[in-house]
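These notes concern the structure reproduced below.
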Amino acid sequence: MAANDLPSLGRLKLTDLVPSEGLPSGSYKLAVSTLSQSLAQYSAAIVQLPASDAALLRSGLDSARLYFYQKAPYPDADLIHNNDSREWCKSCGYYTDPHLWLETFDYRPGLDPVESSNGIEFPPAGLSDIFALLGKAARDILDAISFYLNLRSSPFSDILDNVPLRNHEVSSSVMAVQCLGRPSFQGVRHHNLATQEDGQLLGFSDHEQHQVDKSLITLVKPEKEGLLVKDFRGNWVLVDGDLGPQEVVIYPGLALYQATAGHVSPAMHKTDLGNLHDNLYGRCSITFKLMPKSMTSLSCSEMRAAGHGIEDQFQSPVPVDDFMQRLHATDQILNRQDVLHIVVLRKEGTEAIKTLQCL
Numbered sequence: 001m002a003a004n005d006l007p008s009l010g011r012l013k014l015t016d017l018v019p020s021e022g023l024p025s026g027s028y029k030l031a032v033s034t035l036s037q038s039l040a041q042y043s044a045a046i047v048q049l050p051a052s053d054a055a056l057l058r059s060g061l062d063s064a065r066l067y068f069y070q071k072a073p074y075p076d077a078d079l080i081h082n083n084d085s086r087e088w089c090k091s092c093g094y095y096t097d098p099h100l101w102l103e104t105f106d107y108r109p110g111l112d113p114v115e116s117s118n119g120i121e122f123p124p125a126g127l128s129d130i131f132a133l134l135g136k137a138a139r140d141i142l143d144a145i146s147f148y149l150n151l152r153s154s155p156f157s158d159i160l161d162n163v164p165l166r167n168h169e170v171s172s173s174v175m176a177v178q179c180l181g182r183p184s185f186q187g188v189r190h191h192n193l194a195t196q197e198d199g200q201l202l203g204f205s206d207h208e209q210h211q212v213d214k215s216l217i218t219l220v221k222p223e224k225e226g227l228l229v230k231d232f233r234g235n236w237v238l239v240d241g242d243l244g245p246q247e248v249v250i251y252p253g254l255a256l257y258q259a260t261a262g263h264v265s266p267a268m269h270k271t272d273l274g275n276l277h278d279n280l281y282g283r284c285s286i287t288f289k290l291m292p293k294s295m296t297s298l299s300c301s302e303m304r305a306a307g308h309g310i311e312d313q314f315q316s317p318v319p320v321d322d323f324m325q326r327l328h329a330t331d332q333i334l335n336r337q338d339v340l341h342i343v344v345l346r347k348e349g350t351e352a353i354k355t356l357q358c359l
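Every letter in the sequence shown is one number past the one before it in the working numbering, and letter 51, counting from 1, is 51.
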């Protein structure tokens with residue numbers, strides 16, 4: 001193991017990542033260093049929110065569990081997700097994906113969920129407060145990554161939503177409250193699961209199950225462990241095995257990979273279904289995705305201005321709406337080790353170039 005390698009997933013406090021005027025404090029530089037190294041090795045990190053936020057996260061998960069538990073076992077046809085990429089910034093309310101044994105309630109400020117055919121239903125509680133909490137955290141984390149890359153302050157503000165949203169604006173960012181593997185959800189009959197002799201559930205094959213988000217930054221708060229992320233050696237690492245009540249898992253997505261000209265690698269992740277045996281409620285989680293606005297473009301101009309090398313494929317700005325609808329060869333992206341292991345670092349008072357694994 002190299003001298004600067006982390007022995008396990010990096011842990012840091014969000015309060016240490018909040019920037020202040022003047023020179024960066026020692027705690028800020030240490031937190032940024034831990035974050036960047038953890039993203040480089042594990043494509044993820046654990047961020048501790050203020051202790052006062054633990055109760056809000058817990059109540060959100062408790063409410064989510066009860067919300068999904070009372071849902072009908074058979075989803076209506078109009079609630080089955082069709083994976084239409086053209087609707088990436090319009091999802092709202094409850095929908096299902098029977099093939100993944102997954103139910104989702106998307107909370108998107110500016111859009112009201114469509115009422116179900118069974119009449120008025122109440123969404124999980126506290127969504128607006130949790131959205132605001134995780135949204136602020138995601139922006140602080142994004143600014144910390146910008147500091148590490150030697151970019152100017154808030155370089156991605158032009159592609160992010162207004163804070164707060166203006167009249168008639170709809171949030172590009174979304175918070176998904178999800179339930180995986182609810183036993184009473186009969187979509188499981190169409191789910192590609194095998195069962196061992198002892199009844200334990202087995203997950204999808206590695207190729208079918210892994211995902212890469214198209215977000216800038218994703219924050220996840222699960223109620224139980226099971227989230228796996230592929231590290232830079234190609235090993236699957238459990239990243240939520242010992243989360244504290246106010247801790248969340250964070251990882252970068254494809255939009256940040258594009259906006260940083262490939263210098264920040266997107267996380268490849270999947271969920272282990274093996275620990276859902278004999279669970280009445282399934283596995284609930286809250287996932288916030290910081291997304292770019294649909295009418296903007298992902299440009300590497302900030303990276304170029306900071307002196308980073310820009311490959312040909314990143315030279316031209318890409319409209320966000322086109323980017324979100326495009327299929328991405330994630331295996332090729334994650335195998336570009338020769339490119340992803342080079343980062344330009346400028347130390348104070350020097351112009352030295354140092355080779356380091358990329359985020």
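Ideal placement from N, C-alpha and C gives every residue a C-beta, glycine not left out. Because the structure is a prediction, the values reported are computed rather than measured.
Collapsing the DSSP output to three states places H210 in coil. Taken through DSSP and simplified to helix, strand or coil, K293 comes out as coil. Judged by their CB atoms, M291 and S128 are not nearer to each other than the 8 Å cut-off. Distance from F185 to E103 at the Cβ level is roughly 6 Å; contact confirmed, criterion being Cβ atoms closer than 8 Å.
In this chain, the beta strand (DSSP E) harbouring Y107 covers L102 to Y107. As the crow flies, the alpha-carbon of I286 is around 12 Å from that of G135.
Shown here, Y42 sits in a helix according to DSSP, grouped into three states.
Per DSSP, reduced to three states, the secondary structure at F288 is strand. In the DSSP assignment, R58 falls within the alpha helix (DSSP H) that extends over A54 to Y69.
With respect to the C-alpha of V320, the residue from G60, P7, D53 and C89 having the closest C-alpha is C89. Here the stretch 240-247 does not lie against the stretch 304-313, with fewer than 3 beta-carbon pairs under 8 Å apart.
8 Å or more divides the Cβ of I217 from the Cβ of P266.
Ranking Q315, S171 and G181 by CA distance to the CA of K293 puts S171 first. Taking the Cα positions, D5 is about 8 Å away from Q41.
For secondary structure counted as the beta strand (DSSP E) over 3 or more consecutive residues, the stretch 149-183 holds these complete runs in sequence order: 174-180. I145 carries a helical assignment under DSSP once its states are collapsed to helix, strand and coil.
By the C-beta criterion, the stretch 155-167 is judged not to be in contact with the stretch 45-59, since fewer than 3 inter-stretch pairs fall below 8 Å.
In terms of Cβ geometry, F156 and L133 do not form a close pair [threshold 8 Å].
Here P7 is exposed. Its C-beta has fewer than 16 other C-beta atoms within 10 Å. Membership of Y94 in any alpha helix (DSSP H) is not indicated; the residue belongs instead to the beta strand (DSSP E) covering G93 to D97.
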